[in-house]
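J.: If you're matching positions, the sequence shown starts at 769 in the numbering used here and goes up one per residue.
Note that beta-carbon positions come from the ideal geometry of N, C-alpha and C, so glycine has one too.
On a predicted model such as this, the values are computed, not experimentally measured, just so you know.
Okay, here's the structure, questions in a sec.
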Amino acid sequence: MLEDSFLEYLKSERNRSERTVSNYRLALREFKDFFNSLGEGWAWKSITPEIVREWVIFMLDEEDKSEATVNLSLSALRTFYHYLILIGEVSVNPMVKVVGPKRKKTLPSFVKEQDMQRLLDETEFGDDFAGVRDRTVILLLYMTGMRRAELLGLRDEDIRFSEQLIKVTGKRNKQRLIPMGEELQQAVRTYQEKRDSEFLDQIHEDAFLLGDKGKNLRVDEVEKIVKDCLSRVTGQEHRSPHVLRHSFATAMLNHGADLQSIQKLLGHESLKTTEIYTHLSFEELKKEYKNAHPRVPNP
């Protein structure tokens, strides 16, 4: 049978894994079942692009499969037809004119404003060096939207109190200025005083943020600080510095900032990158609508 010889070809000639072979076997069987359900005589030569497209619609609508799963099935069928042409079994490939469904963009995770308020206003960080630093890290990420690498790259001279600005060096060494509110300014001053008194005699290569032992703060230390702090107010899976960047942008948009301003603050080259936050805010708005409107049944 052609399917069997194809699967053996995948294993012996193409060195595909057992998992791939198993997935392809299942996809081919499911396609044959679909074709037979149409009541037409079975033959690989008789398959047309229209039939394959009907299968795609069937998988998406009737079987409620994800775009990724549908594309995997199409990949199996596409590879199979390459094989059939290779061995001279068919002369026309129906898959040439078939395009799989586009995968939906995964919306970025963010922390709700009320959870961030609880973390920053009601949570005890402690007044020792680690506590003061950790709160400053959270404030810097949440109130500026800077990236983790940008945070770790900060130097004391980047903090411009007289101008109420922070100079951030982003990707490809592009620099931008981000405003500092009063709360952030006070947190930064308090942190610097605590840091300088704690590590008075230690050289820290002019880095703004230090670890518990006075060395430059590391990537894994920032990740742990953010994860531990966010765990106090949310049980969501994603609790990373980038989530706070998303939280900053979402909060700005929800409170009336225009996309161009958010784009500049985040350091996005393209406005299209920033536009994802409009989808994020709209999804949140839909949830609130479903939960609050008296004429809309709760899910």
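Under the DSSP definition of a beta bridge, which residues are partnered with V864?
T.: Beta-bridge pairing links V864 to no other residue.
J.: May I ask you to report which of helix, strand or coil DSSP gives T1042?
T.: helix
J.: Inspect the CB distances between the region 891 to 901 and the region 838 to 852 and report whether three or more fall short of 8 Å.
T.: no
J.: What number of angstroms, rounded off, separates the C-alpha of V956 from the C-alpha of K962?
T.: 10 Å
J.: Give a yes or no on whether the C-beta atoms belonging to L806 and V789 are separated by under 8 Å.
T.: no
J.: Using DSSP's beta-bridge definition, name the partner residues of A975.
T.: R923
J.: Under a three-way DSSP split, which group does L845 fall into?
T.: Helix.
J.: Using the Cβ count rule (16 or more neighbours within 10 Å means buried), how would you classify F878?
T.: Burial call: buried.
J.: Which class does R915 belong to by DSSP, given the choice of helix, strand or coil?
T.: If DSSP states are grouped into helix, strand and coil, R915 belongs with coil.
J.: Rounded to the nearest angstrom, what separates F967 and L985 at their Cα positions?
T.: 13 Å
J.: Counting only runs of 4+ residues fully inside the region 926 to 974, write out the alpha helix (DSSP H) ranges in chain order.
T.: For the region 926 to 974, the continuous alpha helix (DSSP H) assignments of 4+ residues that do not extend past its boundaries occur at 950 to 966, in sequence order.
J.: Measure the C-alpha to C-alpha separation of D926 and L920 and round it to an integer number of angstroms.
T.: Each residue's Cα considered, the two are about 12 Å apart.
J.: What does the alpha-carbon distance come out to for the pair Q1028 and Q943?
T.: 17 Å
J.: Leaving out five residues before and five after R784 in sequence, what residues of the same chain have Cβ atoms less than 6 Å from its Cβ?
T.: L778
J.: Counting C-beta neighbours from all protein chains within 10 Å, is the total for F799 16 or more, i.e. buried, or is it exposed?
T.: buried
J.: Assuming contact is defined by CB atoms lying nearer than 8 Å, are R1013 and G938 in contact in what I supplied?
T.: Taking the C-beta atoms as reference points, G938 is found no nearer than 8 Å to R1013.
J.: Leaving out the 5 sequence neighbours to the left and right, which residues in its chain are closer than 7 Å to F802 when beta-carbon positions are compared?
T.: W823 and F826
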